[in-house]
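Once you know that position 270 of the sequence shown is 270 in the UniProt record's numbering, the rest is easy, because the numbers rise by one and skip nothing.
Ideal Cβ placement from N, Cα and C applies to all residues, glycine included.
Keep in mind the model is a prediction, meaning the values are calculated, not measured.
Report on the structure given below.
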Amino acid sequence: MPYIKTRDGTDLYVKDWGAGRPVILTHGWPLNADSWDAQAMALANAGFRAIAYDRRGFGRSGQPWSGYDYDTLADDLADVMEAAGADTDATIVGFSMGGGEVARYMSRHGGKGVIAAGLIASVVPYMLKTDDNAHGVPDDTFAQMRQGLTEDRPKFLRHTFMPGFYGVGTFSHPVSDDVVEWSIGMALLAGLKPTLACLDAFAYTDFRPDLAAFRVPTLIVHGTGDATVPIDTSARAAAVGIPGSQLVEYEDAPHGLNVTHSDRLSQDLITFLGR
């Protein structure tokens, strides 16, 4: 490391901090592993081994033309775990889109080597509004995102997506303009093709059938003010579908609660892992 090669030959950038029981962190769209830095440091300082990697197409990882479906992304997670020697007594934690990798790994790979899981502001179980998913997000919303990314990606990120991501101008835990710029910088490291393909992946993948595969302690954390991934669409439905899971709601927190509520999230993860 810092690079591992997946089964289809894609190079993935991996950050491996600390020593102890492994915690693998999958990042949100359209960011990269650096978005987990505060929690990774806290975990490493608490005696855990924090492993975060850039999803294919994002950050410092390779940008192949294909492989942005969740079956392939879950295989990538499995490959990172194996290459890092972190495929026993592991905890896998996904933020936003990364929750999908966690869910699909649990079903596709039978939860191999996993003793606990975390879904943080996650898209699981199903984002799209359908006849049997009344709390979902209308397809028009995803179409508008796709249009904004295609026409002027920097403008869309700066003026539409990132302010909403962090609740700028709305919530009592604002972030600085510098955090917004940092996040835009991460997002622009990704290729346009992976950005659009992963938008489709998290918008249209139904993880409801994957929920039964969660047979380990599972922590679910979500902000009640999340406008990017509404809590009724995601965390509350996931908590119902995953028996024995623990749902922790952060009052009025936006989507980017790993930054706005960084210390609280780090402590909640460490407490959960210590049980």
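On the DSSP letters alone, give me the boundaries of the alpha helix (DSSP H) that residue i sits inside.
| i | result |
| --- | --- |
| residue 139 | 139–156 |
| residue 181 | 177–189 |
| residue 74 | 70–83 |
| residue 266 | 262–273 |
| residue 60 | Taken as a continuous stretch (DSSP letters only), residue 60 belongs to no alpha helix (DSSP H), as it is neither H nor E. |
| residue 165 | 162–166 |
| residue 98 | 98–108 |
| residue 276 | Not covered by the structure: residue 276. The range shown for the chain is 1 to 275. |
Which two residues bound the contiguous beta strand (DSSP E) that contains residue i?
| i | result |
| --- | --- |
| residue 5 | 3–5 |
| residue 90 | 90–95 |
If contacts are defined as beta-carbon pairs under 8 Å, then residue i and residue j qualify, I think. What distance do you get, rounded to the angstrom?
| i | j | result |
| --- | --- | --- |
| residue 28 | residue 111 | Not a contact, Cβ separation roughly 22 Å. |
| residue 42 | residue 270 | 7 Å |
| residue 55 | residue 125 | At roughly 20 Å, the Cβ-Cβ gap does not stay under 8 Å, so residue 55 and residue 125 are not in contact. |
| residue 8 | residue 59 | At roughly 18 Å, the Cβ-Cβ gap does not stay under 8 Å, so residue 8 and residue 59 are not in contact. |
| residue 38 | residue 266 | 6 Å |
Name the DSSP bridge partner or partners of residue i?
| i | result |
| --- | --- |
| residue 247 | 220 |
| residue 48 | 21 |
| residue 128 | 137 |
| residue 201 | Its beta-bridge partners do not exist; DSSP assigns none. |
| residue 118 | 93 and 219 |
| residue 15 | 52 |
| residue 228 | DSSP output for residue 228 lists no bridge partner at all. |
Taking Cβ positions, are residue i and residue j nearer each other than 8 Å?
| i | j | result |
| --- | --- | --- |
| residue 121 | residue 22 | no |
| residue 188 | residue 154 | yes |
| residue 83 | residue 4 | yes |
| residue 44 | residue 15 | no |
| residue 225 | residue 253 | yes |
Does the count of Cβ pairs from the segment 101–111 and the segment 136–144 closer than 8 Å reach three? Below 8 Å, too few C-beta pairs join the segment 101–111 and the segment 136–144 to call them touching: fewer than three.
- Task: Evaluate the contact criterion for the segment 194–206 versus the segment 230–237: three or more CB pairs, one atom per stretch, below 8 Å.
- Result: Proximity of the segment 194–206 to the segment 230–237 falls short of the contact definition, fewer than three beta-carbon pairs being nearer than 8 Å.
Exercise. Contact between the segment 241–258 and the segment 210–225: three or more CB pairs below 8 Å?
Worked result: Short answer: they touch.
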